[in-house]
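Trainee:
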Amino acid sequence: MATKKSTSKAKPNVSAEELLGHYREMLMIRRFEEKAGQLYGMGLIGGFCHLYIGQEAVVVGLEAAAKDGDKRVTSYRDHGHMLACGMDPKGVMAELTGREGGYSAGKGGSMHMFSAEKHFYGGHGIVAAQVPIGAGLACSDKYKGNDNVTFAYFGDGAANQGQVYETYNMAELWDLPVVFVIENNQYAMGTSMQRSTKSPSLWERGAAYGIEGEAVDGMDVLKVKEAGEKAVAHCRAGKGPYILEVNTYRYRGHSMSDPAKYRTREEVQKMREERDPIEAIRQMLLTGKHASEDDLKAIDKDIKAIVNESAEFAKDSPEPALEELWTDIYATELPQEA
Amino acid sequence: MATEILMPALSPTMEEGTLAKWMVKEGDTVSSGDIIAEIETDKATMEFEAVDEGIMGKILIAEGTEGVKVNTAIAILVEEGEDADATPTKASAPVPQDKAQSSEDSPAADMKHPTPAQPKSDATPDWPEGTKMRTATVREALNEAMAEEMTRDETVFLMGEEVAEYQGAYKISQGLLDKFGSKRVIDTPITEHGFTGIAVGAAFGGLRPIVEFMTFNFAMQAIDHIINSAAKTLYMSGGQMGAPMVFRGANGAAARVGAQHSQDYAAWYMQVPGLKVVMPYSAADAKGLLKTAIRDPNPVIFLENEILYGRSFEMPDVDDFTIPFGKAKIERSGDDVTIVSFGIGMQYALAAAEKLAKDGINAEVINLRTLRPVDLPTVLESVRKTNRCVTVEEGWPQGSVGSWLASEIMQQAFDYLDAPVITCTGKDVPMPYAANLEKLALVTTDEVIEAVKKVTYR
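Those sequence lines, one after another, are chains A and B. Numbering-wise (my numbering), the first sequence opens with residue 1085 and increments by one. Numbering-wise (my numbering), the second sequence opens with residue 5 and increments by one.
1) Given a limit of 7 Å on CB to CB distance, which residues of the region 1356 to 1383 of chain A reach chain B?
2) Rank 394/B, 174/B, 445/B by C-alpha distance to the C-alpha of residue 456/B and give the top, closest one.
3) Contact criterion: CB-CB distance below 8 Å. Does residue 167/B meet it with respect to chain A?
4) Below 8 Å between beta carbons: does that hold for residue 290/B and residue 173/B?
5) Would residue 1353/A be called buried (16 or more neighbouring beta carbons within 10 Å of its own) or exposed?
6) Per DSSP, what are the beta-bridge partners of residue 158/B in this structure?
7) Could you check whether the region 374 to 389 of chain B touches the region 404 to 416 of chain B, counting it as contact only if at least three pairs of C-beta atoms, one from each stretch, sit closer than 8 Å?
8) Quick one: what's got a C-beta closer than 6 Å to residue 1153/A's C-beta in the same chain, skipping five residues either side?
9) Return the chain-ordered list of same chain residues with a C-beta closer than 7 Å to the C-beta of residue 445/B, the five sequence neighbours on each side being excluded.
10) Does the Cβ of residue 197/B lie closer than 7 Å to at least one heavy atom of the ligand HEM?
11) 8 Å is my cut-off, CB to CB: does residue 1295/A come that close to chain B?
12) Quick one: which unbroken alpha helix (DSSP H) runs of 4-plus residues sit fully inside the region 340 to 389 of chain B? Chain order, please.
13) Could you tell me the distance, in whole angstroms, from the CA atom of residue 1396/A to the CA atom of residue 325/B?
14) Would DSSP call residue 239/B helix, strand or coil?
15) Between 1251/A, 1313/A, 1303/A, which has its C-alpha nearest residue 1294/A's C-alpha?
16) Measure from the alpha carbon of residue 275/B to the alpha carbon of each residue in 170/B, 442/B, 193/B, 305/B, then state which is nearest.
17) For residue 1169/A versus residue 1140/A, is the C-beta spacing smaller than 8 Å?
18) Could you give the DSSP three-state label for residue 1416/A: helix, strand or coil?
19) Can you tell me whether DSSP reads residue 426/B as helix, strand or coil?
20) With distances taken from CA atoms, which of 266/B, 126/B, 210/B is nearest residue 158/B?
21) For the beta strand (DSSP E) that contains residue 1326/A, what are its first and last residues?
22) Would you decide whether residue 194/B is buried or exposed? Buried here means 16 or more other CB atoms lie within 10 Å of its CB.
23) Buried or exposed: residue 73/B, going by 16 or more other Cβ atoms within 10 Å of its Cβ?
24) When you compare each of 322/B, 252/B, 379/B to residue 140/B by their alpha carbons, which one comes out closest?
25) Can you tell me which of the three DSSP states residue 212/B falls into?
26) Could you check whether residue 262/B and residue 229/B sit closer than 8 Å to each other, using their CB atoms as the reference points?
27) Return no unless some Cβ of chain B is closer than 8 Å to the Cβ of residue 1120/A.
28) Interface residues of chain B around residue 1250/A at Cβ under 7 Å?
29) Could you list the residues in the region 1127 to 1160 of chain A with a C-beta less than 8 Å from some C-beta on chain B, going in chain order?
30) Would residue 1329/A and residue 1286/A be called neighbours here (beta carbons separated by less than 8 Å)?
31) Residues in the same chain with beta-carbon distance under 6 Å from residue 1125/A, minus the five sequence neighbours each way, listed in chain order, please.
32) Using only CA atoms, which one of 196/B, 163/B, 204/B lies nearest to residue 186/B?
33) Using a Cβ cut-off of 8 Å (strictly closer), state whether residue 187/B contacts chain A.
34) Counting only C-beta atoms, is residue 47/B closer than 8 Å to chain A at any point?
35) Between residue 1135/A and residue 1336/A, how many whole angstroms is the CB-CB distance? I'm expecting something under 8 Å.
36) Going along chain B in order, which residues have a C-beta closer than 7 Å to the C-beta of residue 1219/A?
Below you can see the structure in the form of structure tokens.
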């Protein structure tokens, strides 16, 4: 049975150190994405480039609920997920510029990055394809008999794909330890949720398959983390999948070439001013006297240096050798361990 | 420190644009995220946001200017108290576009796939002479191959519709549930797109799934995962991860099952880099190649045939019999013409060769067995000997396996050809239901004989 929307008012128990960590990680994603947008404008990044600005609390909150060995898979709006699971900003940025030092040696690009080491399974360009793949990753852990959980992230647009519901059905049937994370940023490219479905919410669709879930305020990293912990505990206990519909907002266009005429500038501005997830934590840190302005400035400076370093690396890293055109088409041995 | 603001690229294809409107004027303070200009690209009018903070020192390109090249300085941003005419630092000098493009023009980009050249065909037999033989059906051979490999490797499991409790829609998985249990022989709901995606995810997670499609016609619901998720991931991940798995099931026409259940997908899958494609004919092919497929660290398409399932063949009675990929089998040797086929096409090829022998035409019949990798050296060597070639398959003519073979033969053995290659294929029509029309739609032995007579000028 599906549970009701969480109405818990209890203050989450969080340490100053954790708060600072969330602040840092969210800011890292934002600054990284701003830099990526800048490099795109300069022609250093080509093709499609989908920025995560505004949605930072979703992935940072959920990663805070993950343990070593947990897996994650997402769509093409993937830079934030990679940074949040500990992938090196240099390798990510160099993949954006299509260079040898990138995570896929320049052969994947913005939409297709992977890290076997960090259990990050892409980076998928086909809307909703990552949903059954995520359930399959969870299937591999269940088969091996460990208690790992997979986070399968997808958007409100992907939530209308048939394969999502095929996956819900099998994930519940087989009790797969997968958290379906619907990052509802309100717009599937240029189509608002109101124009694509009459469902009042997306998580409730899981009830048709017997999957529990809830809606979460995705602009509040602590609420996301709390919901993530609940979902993960459900999966680890062998109770099957769980759905989190994390309501969030993307400040930038769908991709770099999106003129964003489907919403007003005021709407975006209002979200930025009133609901910004990073600003909220910043205020919490300051008013709670967990950090001083100077402390936060030091973090900002530190992040700026890391991001600039990643950009420099991404510019300096050479283009892949021409021989790379012909490598990695077939494996001669198992590409990843069982 | 003064910074140049450069004309941005705002779409994947933008090279220049119109600076439609400045939203700020000289002297205005701007902060990161402020809209400073509207720029018209080839697609749309875009708002251009400031990246850095500062004061608009100088506008270099007036609004309304058309054809402003990407990366041209359009304004100078200064810090408070700074002279607008101060020499700006190149914010972050972009790499010249021509540098990025130069490698595309270099001759090395034309280079051929550096797979080790196989100048000679490998004619070693699949089993040594004198090996003890037994009779088995293709069905039994496939079943044995799966059972042996599942015994050998704990990570191998079978999933598909009716594979477990029903014992397989075509009884290929008979007995496997009893032997390996429901954890490793998994009945799925009728949901090809979904369970194929789950199987790909399980392969990414370190397992070795065998996905049975009741027939390959239904795999069209899942082809996105086969190609985009399974075949391309090794490349897209720079070799970090891939999908070691087998997609198997009945392919091509059965008998009287109509247009939606009768398609041959050999040519479709053969086109995809990252996939390996197998189409066995005999029981020995089926067993030896399926065992190799299950062990292969790549996604393998294994195209079976319902009509062949019940057919019996002689098979070596040995432990752990495997056949390597990319090794064709000369099923019959001859000097007058080369007939190349695979899968059920072999029955027409062999029957034609039999009849032709009575007319004094000795055909060499090659069973390709794997279409990716394909054993071209064996084909070319044979064509250089016979100077004539006919290809045989049940699939459609346009973009067929035969068309590709003919093209390769023309490019690599043109001087040896005494006649154009003839491709015998199914007809260019959806499969009809009526018995007489269905027979007409498939390739026939008579058509193969006629083609051979044509290329041998008889």
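The beta-carbon is built from N, C-alpha and C at its ideal position, and this holds for glycine as well. Computed from a prediction, not measured in an experiment: that's the story for all the values here.
Mentor: According to the structure data:
1) Of all residues in the region 1356 to 1383 of chain A, none has a Cβ within less than 7 Å of some Cβ in chain B.
2) Cα-wise, what sits closest to residue 456/B is 394/B.
3) Under the 8 Å criterion on CB atoms, residue 167/B is classed as non-interfacial with respect to chain A.
4) No; because the gap between Cβ atoms is not below 8 Å, this pair is not in contact.
5) By the beta-carbon neighbour count (other beta carbons within 10 angstroms, threshold 16), residue 1353/A is exposed.
6) DSSP, once it has assigned bridges, lists no residue as partnering residue 158/B.
7) With the rule of 3 Cβ pairs closer than 8 Å, the region 374 to 389 of chain B counts as touching the region 404 to 416 of chain B.
8) Apart from sequence neighbours up to five positions away, the residues of its chain that approach residue 1153/A with a beta-carbon distance below 6 Å are 1232, ordered along the chain.
9) So the qualifying residues of the chain are 430, 431, 433, 435, 436.
10) Looking at this structure, you won't find the ligand HEM or any other ligand, since it has none at all.
11) By this cut-off, residue 1295/A is not an interface position.
12) As for any alpha helix (DSSP H) of minimum length 4 sitting wholly inside the region 340 to 389 of chain B, the runs are 349 to 362, ordered along the chain.
13) Cα to Cα, residue 1396/A sits roughly 55 Å from residue 325/B.
14) In the structure shown, residue 239/B sits in a helix (DSSP, three-state: H, G or I).
15) Looking only at 1251/A, 1313/A, 1303/A, the smallest Cα-Cα distance to residue 1294/A is reached by 1251/A.
16) When only C-alpha atoms are compared, the closest one is 305/B.
17) Using a Cβ distance threshold of 8 Å, residue 1169/A and residue 1140/A do not count as a contacting pair.
18) Note: residue 1416/A maps to coil in three-state DSSP.
19) Collapsing the DSSP output to three states places residue 426/B in a strand.
20) Minimum Cα distance to residue 158/B is reached at 210/B.
21) From DSSP, the beta strand (DSSP E) with residue 1326/A extends over 1326 to 1331.
22) Taking all protein chains in view, the Cβ of residue 194/B is surrounded by fewer than 16 other Cβ atoms within 10 Å, so the residue is classified as exposed.
23) Exposed.
24) Measuring from the Cα of residue 140/B, the nearest candidate turns out to be 322/B.
25) DSSP places residue 212/B within a strand segment (E or B) once states are collapsed to three.
26) No, the Cβ-Cβ distance between residue 229/B and residue 262/B is not below 8 Å.
27) So no, residue 1120/A is outside the interface.
28) 195, 197, 198, listed in chain order.
29) Against chain B - using a Cβ distance shorter than 8 Å - the residues of the region 1127 to 1160 of chain A are 1127, 1128, 1130, 1131, 1132, 1155, 1157.
30) Yes, the pair counts as a contact, with Cβ atoms nearer than the cut-off.
31) Within the same chain, no Cβ atom closer than 6 Å to the Cβ of residue 1125/A is found once the five residues on either side in sequence are excluded.
32) Of 196/B, 163/B, 204/B, the residue nearest in Cα terms is 163/B.
33) Yes, residue 187/B lies at the interface with chain A (some Cβ there is under 8 Å from its Cβ).
34) The beta carbon of residue 47/B falls within 8 Å of a beta carbon belonging to chain A, placing the residue at that interface.
35) Yes, they are in contact, since the Cβ atoms of residue 1135/A and residue 1336/A sit about 5 Å apart, within 8 Å.
36) Going along chain B in sequence order, the residues near residue 1219/A (Cβ under 7 Å) are 202, 205.
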